[in-house]
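Asker: Each step along the sequence shown adds one to the number in the numbering used here, with nothing skipped, and position 140 is 148.
By construction, the Cβ of each residue, glycine as well, lies at the ideal position given by its N, Cα and C atoms.
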Amino acid sequence: MNTEILNETDAEVDLDEVVALTEYLGEALHMHPGAELAVTMVDSAAMSELHVTWMDLEGPTDVMSFPMDQLHQGEPDSPTEGQMGDIIICPEVAEAQAGAAGHSTMDEILLLTVHGFLHLLGYDHGEPEEREEMFALQRHLLLTFFAARYDGRTDIPTPTEV
Numbered sequence: 009m010n011t012e013i014l015n016e017t018d019a020e021v022d023l024d025e026v027v028a029l030t031e032y033l034g035e036a037l038h039m040h041p042g043a044e045l046a047v048t049m050v051d052s053a054a055m056s057e058l059h060v061t062w063m064d065l066e067g068p069t070d071v072m073s074f075p076m077d078q079l080h081q082g083e084p085d086s087p088t089e090g091q092m093g094d095i096i097i098c099p100e101v102a103e104a105q106a107g108a109a110g111h112s113t114m115d116e117i118l119l120l121t122v123h124g125f126l127h128l129l130g131y132d133h134g135e136p137e138e139r140e141e142m143f144a145l146q147r148h149l150l151l152t153f154f155a156a157r158y159d160g161r162t163d164i165p166t167p168t169e170v
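1. Measuring straight from C-alpha to C-alpha, what distance separates A36 and A53?
2. Classify G110 as buried or exposed, calling it buried when 16 or more other Cβ atoms lie within 10 Å of its own Cβ.
3. Buried or exposed for V170, going by 16 or more other Cβ atoms inside 10 Å?
4. Quick check: E16 and V47, are their CB atoms within less than 8 Å of each other?
5. Output the boundary residues of the alpha helix (DSSP H) element that contains Q105.
6. Report the option in D18, A43 and L58 whose CA atom is closest to the CA atom of L129.
7. Are the stretch 73–88 and the stretch 123–138 touching, with three or more C-beta to C-beta distances below 8 Å?
8. Closest by CA to H123, which one among V26, D18 and D22?
9. For L118, does the three-state DSSP call read helix, strand or coil?
10. Less than 8 Å between the beta carbons of T40 and P84, yes or no?
11. Cβ of P68 within 8 Å of Cβ of E116?
12. Which stretch, first to last residue, makes up the beta strand (DSSP E) that contains P75?
13. So who's on the other strand from L14, going by DSSP bridges?
14. Assuming T168 contacts A108 (C-beta within less than 8 Å), just tell me the rounded distance between them.
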């Protein structure tokens with residue numbers, strides 16, 4: 009998985025952890041090693057502008073995904089190739105949500121990365137069945153990543169909105 013990552017904010021974000029997570033997600037969801045992804049951290053003003061432009065909603069949001077090649081999850085013997093697209097995360101919103109949920113801002117950013125990644129693969133949560141499927145997979149991916157990366161850790165961040 010080729011991940012380009014940018015932090016266009018003053019927020020301290022462990023970009024190496026975000027890259028490690030995207031590499032894990034690429035393997036777990038059977039993406040071709042050459043699949044391309046961009047993850048960008050933006051401030052609340054930039055996120056507000058994107059939010060109103062693309063969703064016609066005022067104010068910043070936590071994460072937005074912009075798919076490129078309309079890819080879907082691959083299979084073990086048939087990994088998905090192509091350009092996944094862009095995940096845009098607002099650390100300011102992530103920090104507020106993390107505080108409300110009682111976990112670290114970095115945990116929230118990792119949660120949002122998984123969420124955005126799944127959106128790029130066509131997962132959605134507009135309908136109850138879709139939400140159940142997407143959030144179950146999101147939880148599974150976070151559990152397995154955290155357990156492998158953080159010495160068996162099983163306390164994972166849970167989604168919240170403020």
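Answerer: Walking through what the data contain:
1. 34 Å
2. exposed
3. With a pLDDT of 46 at V170, under the threshold of 50, the modelled position of this residue cannot be trusted, and the question is left open.
4. no
5. P99 to A109
6. A43
7. yes
8. V26
9. helix
10. The identity of residue 40 in the sequence shown is His, whereas the question assumes Thr. No, the pair does not count as a contact, with Cβ atoms beyond the cut-off.
11. no
12. V71 to P75
13. T48
14. 5 Å
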